[in-house]
Amino acid sequence: MRPSAVRLLNIFVPIKRAVDYAVKIRVNPEQTGIDLNVKHSMNPFDEIAVEEAVRIRERLKDAVKSIKVVTIGPPKSAETLRTALAMGADSAIHVEIPESAPAPEPLGVAKTLRALIERQKEGVDVVIMGKQAIDDDAGQTGQMLAGLLGWSQATFASKVVVDPEQKVANVTHLMVRIIHNISSHAVNFQFFEEPRYASLPNIMKAKKKPVEKLTTAELGIDLTPRLETIKVTEPPKRVGGGKVANVDELLAKLKEAGISGKHA
Amino acid sequence: MLSLRHLARPSSCSRRWAHNIPSFSHLNAVNEQDIAHFSNILAPSSILSTLPSVATPADDLAPYNLDWMGKYHGQANSVLRPRTTEQVSEIVKYCAHRRIGIVPQGGNTGLVGGGISLQKEIVLSLGAMNNVRSFDPVSGILVADAGCILQSLSDYIAPHNHIMPLDLGAKGSCQIGGNISTNAGGLRLLRYGSLHGTVLGLEVVLPDGTILDQLSTLRKDNTGYDLKQLFIGGEGTLGIVTGVSILVPPAPQATNNIFLALPRFDNVLPLFQIVKRQLGEIMSAFEYIDRTAYDMGLKHGLGPLLDAEEVGDSECFILVETSGGNNDHDLEKLNHLLEHLLAADQPLINTGTLSQSPSQFNSIWAMREGLTECCQKEGKPYKYDVSVPLADFQKVVDAVRERMISKGLYGDHAISKVMGYGHVGDGNTILPTSEGRSTYPFVGNLHLNVIAKHGYRPELEAALEPFIYEVVGEYLVSPKALGMDVDDMDPASHKGSVSAEHGIGSMKTHALHYSKSDVSIEWMRKVKQVFDPLNIMNPGKVLP
Numbered sequence: 001m002r003p004s005a006v007r008l009l010n011i012f013v014p015i016k017r018a019v020d021y022a023v024k025i026r027v028n029p030e031q032t033g034i035d036l037n038v039k040h041s042m043n044p045f046d047e048i049a050v051e052e053a054v055r056i057r058e059r060l061k062d063a064v065k066s067i068k069v070v071t072i073g074p075p076k077s078a079e080t081l082r083t084a085l086a087m088g089a090d091s092a093i094h095v096e097i098p099e100s101a102p103a104p105e106p107l108g109v110a111k112t113l114r115a116l117i118e119r120q121k122e123g124v125d126v127v128i129m130g131k132q133a134i135d136d137d138a139g140q141t142g143q144m145l146a147g148l149l150g151w152s153q154a155t156f157a158s159k160v161v162v163d164p165e166q167k168v169a170n171v172t173h174l175m176v177r178i179i180h181n182i183s184s185h186a187v188n189f190q191f192f193e194e195p196r197y198a199s200l201p202n203i204m205k206a207k208k209k210p211v212e213k214l215t216t217a218e219l220g221i222d223l224t225p226r227l228e229t230i231k232v233t234e235p236p237k238r239v240g241g242g243k244v245a246n247v248d249e250l251l252a253k254l255k256e257a258g259i260s261g262k263h264a
Numbered sequence: 001m002l003s004l005r006h007l008a009r010p011s012s013c014s015r016r017w018a019h020n021i022p023s024f025s026h027l028n029a030v031n032e033q034d035i036a037h038f039s040n041i042l043a044p045s046s047i048l049s050t051l052p053s054v055a056t057p058a059d060d061l062a063p064y065n066l067d068w069m070g071k072y073h074g075q076a077n078s079v080l081r082p083r084t085t086e087q088v089s090e091i092v093k094y095c096a097h098r099r100i101g102i103v104p105q106g107g108n109t110g111l112v113g114g115g116i117s118l119q120k121e122i123v124l125s126l127g128a129m130n131n132v133r134s135f136d137p138v139s140g141i142l143v144a145d146a147g148c149i150l151q152s153l154s155d156y157i158a159p160h161n162h163i164m165p166l167d168l169g170a171k172g173s174c175q176i177g178g179n180i181s182t183n184a185g186g187l188r189l190l191r192y193g194s195l196h197g198t199v200l201g202l203e204v205v206l207p208d209g210t211i212l213d214q215l216s217t218l219r220k221d222n223t224g225y226d227l228k229q230l231f232i233g234g235e236g237t238l239g240i241v242t243g244v245s246i247l248v249p250p251a252p253q254a255t256n257n258i259f260l261a262l263p264r265f266d267n268v269l270p271l272f273q274i275v276k277r278q279l280g281e282i283m284s285a286f287e288y289i290d291r292t293a294y295d296m297g298l299k300h301g302l303g304p305l306l307d308a309e310e311v312g313d314s315e316c317f318i319l320v321e322t323s324g325g326n327n328d329h330d331l332e333k334l335n336h337l338l339e340h341l342l343a344a345d346q347p348l349i350n351t352g353t354l355s356q357s358p359s360q361f362n363s364i365w366a367m368r369e370g371l372t373e374c375c376q377k378e379g380k381p382y383k384y385d386v387s388v389p390l391a392d393f394q395k396v397v398d399a400v401r402e403r404m405i406s407k408g409l410y411g412d413h414a415i416s417k418v419m420g421y422g423h424v425g426d427g428n429t430i431l432p433t434s435e436g437r438s439t440y441p442f443v444g445n446l447h448l449n450v451i452a453k454h455g456y457r458p459e460l461e462a463a464l465e466p467f468i469y470e471v472v473g474e475y476l477v478s479p480k481a482l483g484m485d486v487d488d489m490d491p492a493s494h495k496g497s498v499s500a501e502h503g504i505g506s507m508k509t510h511a512l513h514y515s516k517s518d519v520s521i522e523w524m525r526k527v528k529q530v531f532d533p534l535n536i537m538n539p540g541k542v543l544p
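As given, the protein sequences belong to chains A and B, one line each in that order. Residue numbering for the first sequence follows full-length UniProt numbering, starting at 1 and increasing by one per position. Residue numbering for the second sequence follows full-length UniProt numbering, starting at 1 and increasing by one per position.
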């Protein structure tokens, strides 16, 4: 490609408000899902994604034009957007769904995100997403989105280095290095960096940052679930273990259980 | 206000624990016949003794003979772990008959050597009595054995949406009986008050073995003298608490916290006033951490919660917790407060953070609660828990540091750090108000930690005591300076406390007179004489 004027990067970070990871999850009495009347917070992997977007800007400075966060969720999800804005995002989009609506599925989310990305007048260069949501553990949305957009994707990234002039993102996937072209790029993260705490000056600034509200109807998306959850139960309770007096007894018990020391 | 002239005050005794263990000539040591008798009362697993008939390895007794800080070394050759109140009663009856001293012990997390034997007394551990007897979620009344660990009780009542009225760093190990016997304060006292208010009833075994059953579950009961108040904070010297009835508050629907960095120490008091006014009833904790403690915390992996550049030269830090019924309402109050603080012409804070999730909430608290453990990692801490005017927290810490410097004991070779952290807002003004004057010192509870990098040494203690007690005991705004009429004033009414919440134990018996008058101490002795004429119950503790 002919070297063109450096195009400033627009980073897009979808986030999700999920049950807080420290909550003890209980199945609801109807066995249709988990009890949602508990503390919620930003999905921890999405926190990492927001953190990475902010760090990319800290490294590339003016080369990053905007960091936009988006969420699809009930009115309370607005708090999650504010947290992301306080961490350093510039603006947000809230696709609001009713409190009583069923949780959107990955494909529905991916379609919504595609619609949003296509709406962005300034375009989107990089989409950074958390590797999975800790409530459904689906881990599919990023991959589906890349497929729908026809963009390249790198999953389970542990390190990303973006070069806006070369229009390349070097993604390190733990042991494997993958190099991708970025005219458009979807990346899916698992980082080891700690997401920052929102500092008070930033929390104050975040209040003034714009949050665009949209509905799925305006985007022409139907989020009706395609999957039916038949039943949700807790895993069977662990049967108690036993104590052994010494190593010989341990070996004897292992043998009884059919585990021998020899390679199969 | 701080006057060093008072070093000339005659200190009636300067006993050092290590050098001056009382003789207890009126008491007998535990022997084999005693063990044989205990074996009739208790299961074998409830008796530990280095005596030959039981032959427990000394290492197994060590946890009962060494306090959490590793500062107090007990001498008990036997430990009993009864399972029922009746067993406790039988043990005490026998010990009274045999003149054997008893040290009641809970979680052994005390910081003043109150639960450690001094001279071969027998240790009576409540740890095996750990059942919840009942809980009524409607009234919030919890009845439990004294040996229940505070965290376990929290976990028990949590599903019913209640919380314990007290919270402290030792919650994973301390027992409710011990909490009550020491009138533990902690992080929630500001909101829920002291155990003197939340405990409804006690079951106590008296020093002659009698079981005093006052396990009332009545909130209101004005029938006669309220004896339980003597045992609350009695540090096990008047009887052994075996059962507790306590009122637990409903769990707040919404909790949040903020961590603030203050450019100057002098901002603490005005900040407290603004926070208290703006947050009002939802404020549930207000904790102070000085710069030395903060840096130590960072060094040991607590946080970082704040950007180092934004923190800059901040002299101290404040943690505020809110607990309320409605998160939106609470956040609105918090946001309003924060805007107000940041928008001021001369902001009282440099920066801060507001918890965005339950895990951040916990990390912010960890910055304060983890400090005690950090002190242990730095060396051996001398701990002083004092009530002094909030405005003078920094002065007290600086005075102690200067003292150590002047003695040539400050540095990596001896005292490596002097720091202060503690509770604010659960204190009270010392002096009575008069003519609406508002120049009265607002008191806070300072935990002064003096770190001996290479271990406890007598010359370090000699430099610290009685210096610190004198500083605190005489910590007064001179009434004359305020133009007040001195004659009508009782001098004891305006002393600071040499032990706001840690208690006296064996550590501060000689310091009691700095905070309580001779008349008070004399009447405490009389009460002790009534309950424990043989002086077998935790002898050598509390009273000099």
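All residues carry an ideal CB built from backbone N, CA and C; glycine is no exception.
Neighbour list for residue i in chain A, Cβ cutoff strictly below 8 Å
i	result
glutamine 356(B)	Ser41, Met42, Thr83, Ala86, Tyr197 and Ala198
glutamate 310(B)	Ser199 and Pro201
leucine 306(B)	Tyr197 and Ser199
Residue span of the alpha helix (DSSP H) that contains residue i, given as start and end
i	result
histidine 37(B)	32-41
lysine 93(B)	85-98
glycine 258(A)	Looking at the DSSP string, glycine 258(A) is not in any alpha helix (DSSP H), and its letter there is neither H nor E.
Sheet register partners of residue i (DSSP bridge)
i	result
isoleucine 212(A)	The amino acid occupying residue 212(A) in the given sequence is glutamate; isoleucine does not appear at that position. BP columns for glutamate 212(A) point to Ile93(A).
glutamate 287(B)	Leu319(B) and His423(B)
methionine 42(A)	Arg17(A)
lysine 68(A)	Phe12(A) and Ser91(A)
methionine 537(B)	Ile102(B)
proline 250(B)	His162(B)
aspartate 163(A)	Val168(A)
tyrosine 410(B)	Ile415(B)
serine 49(B)	Ser78(B)
7 Å Cβ cut-off: residues of chain B touching residue i
i	result
isoleucine 56(A)	Per Cβ cutoff of 7 Å: no residues; isoleucine 56(A) is ~18 Å from chain B at best.
proline 201(A)	Leu342 and Thr351
Range of the contiguous beta strand (DSSP E) that encloses residue i
i	result
residue 565(B)	Since the first residue of chain B shown is 1 and the last is 544, residue 565(B) is not available in this structure.
proline 29(A)	Taken as a continuous stretch (DSSP letters only), proline 29(A) belongs to no beta strand (DSSP E), as it is neither H nor E.
aspartate 145(B)	141-145
tyrosine 382(B)	380-389
threonine 155(A)	152-157
threonine 112(A)	Threonine 112(A) -> not in any beta strand (DSSP E); alpha helix (DSSP H) instead, spanning 106-119.
glutamate 522(B)	It is not in any beta strand (DSSP E) - glutamate 522(B) instead sits in the alpha helix (DSSP H) that spans 518-531.
isoleucine 211(B)	211-214
Where residue i meets chain A, residues with beta-carbon distance less than 9 Å
i	result
glutamine 360(B)	Ser41, Tyr197 and Ala198
Contact list for residue i against chain B, beta-carbon separation under 9 Å
i	result
aspartate 20(A)	Ser357, Pro358 and Ser359
beta-carbon residue i near the ligand MG non-hydrogen atom, thresh 6 Å
i	result
glycine 233(B)	Among the components of this structure there are no ligands whatsoever, and the ligand MG is therefore not found.
Amino acids of chain B, ordered along the chain, whose beta-carbon sits closer than 8 Å to that of residue i
i	result
methionine 204(A)	Leu338, Glu339 and Leu342
Any chain D beta carbon closer than 7 Å to residue i
i	result
threonine 32(A)	Looking for chain D here will not work: the only protein chains present are A and B.
Do the stretch 27-45 of chain A and the stretch 140-148 of chain A touch if we need at least three Cβ pairs shorter than 8 Å?
Remark: fewer than three beta-carbon pairs, one from each stretch, lie closer than 8 Å, so the stretch 27-45 of chain A and the stretch 140-148 of chain A are not flagged as touching.
With three or more beta-carbon pairs closer than 8 Å as the criterion, would you say the stretch 242-249 of chain B touches the stretch 138-146 of chain B?
With the cut-off at 8 Å, the stretch 242-249 of chain B and the stretch 138-146 of chain B touch.
Completely contained alpha helix (DSSP H) runs for the stretch 204-256 of chain A, where each covers 4 or more residues:
Counting only runs of 4 or more residues that sit fully inside the stretch 204-256 of chain A, the alpha helix (DSSP H) segments are 216-219 and 247-256, in chain order.
Touching or not, the stretch 36-54 of chain A and the stretch 245-264 of chain A, by the rule of three or more beta carbon pairs under 8 Å?
Counting Cβ pairs under 8 Å, fewer than three are found: no touch.
If you scan the stretch 105-179 of chain B from start to end, which runs of the beta strand (DSSP E) of 3 or more residues do you find wholly inside it?
With a minimum length of 3 residues, the continuous beta strand (DSSP E) runs that stay inside the stretch 105-179 of chain B are 122-125, 132-136 and 141-145.
Mind the definition here: the stretch 215-226 of chain A touches the stretch 101-113 of chain A only if three or more C-beta pairs lie below 8 Å; say whether that holds.
Enough Cβ pairs lie closer than 8 Å, so yes.
Segment contact, 8 Å Cβ cut-off, at least three pairs: the stretch 395-407 of chain B with the stretch 344-364 of chain B:
Contact between the stretch 395-407 of chain B and the stretch 344-364 of chain B is absent, because fewer than three Cβ pairs lie under 8 Å.
Cβ pair count under 8 Å reaching 3, the stretch 250-262 of chain B against the stretch 311-324 of chain B
With a cut-off of 8 Å on Cβ pairs, the stretch 250-262 of chain B is in contact with the stretch 311-324 of chain B, counting three or more such pairs.
Touching or not, the stretch 415-425 of chain B and the stretch 284-296 of chain B, by the rule of three or more beta carbon pairs under 8 Å?
Short answer: they touch.
Should the stretch 150-165 of chain B be called in touch with the stretch 117-125 of chain B, which here means at least 3 C-beta pairs below 8 Å?
Taking 8 Å as the limit for Cβ pairs, the verdict is that the stretch 117-125 of chain B does not touch the stretch 150-165 of chain B.
Ignoring anything shorter than 4 residues, give me the alpha helix (DSSP H) runs that lie fully in the stretch 217-272 of chain B, in order along the chain.
DSSP runs (the alpha helix (DSSP H)) wholly in the stretch 217-272 of chain B: 228-231.
Touching or not, the stretch 161-175 of chain B and the stretch 183-194 of chain B, by the rule of three or more beta carbon pairs under 8 Å?
Enough Cβ pairs lie closer than 8 Å, so yes.
Any contact of the stretch 505-513 of chain B with the stretch 55-62 of chain B, i.e. 3+ C-beta pairs under 8 Å?
Output reads no: the stretch 55-62 of chain B does not touch the stretch 505-513 of chain B.
Spell out a yes or no on whether the stretch 15-24 of chain A and the stretch 64-76 of chain A are touching, meaning 3 or more CB-CB pairs, one atom from each, closer than 8 Å.
Output reads yes: the stretch 64-76 of chain A touches the stretch 15-24 of chain A.
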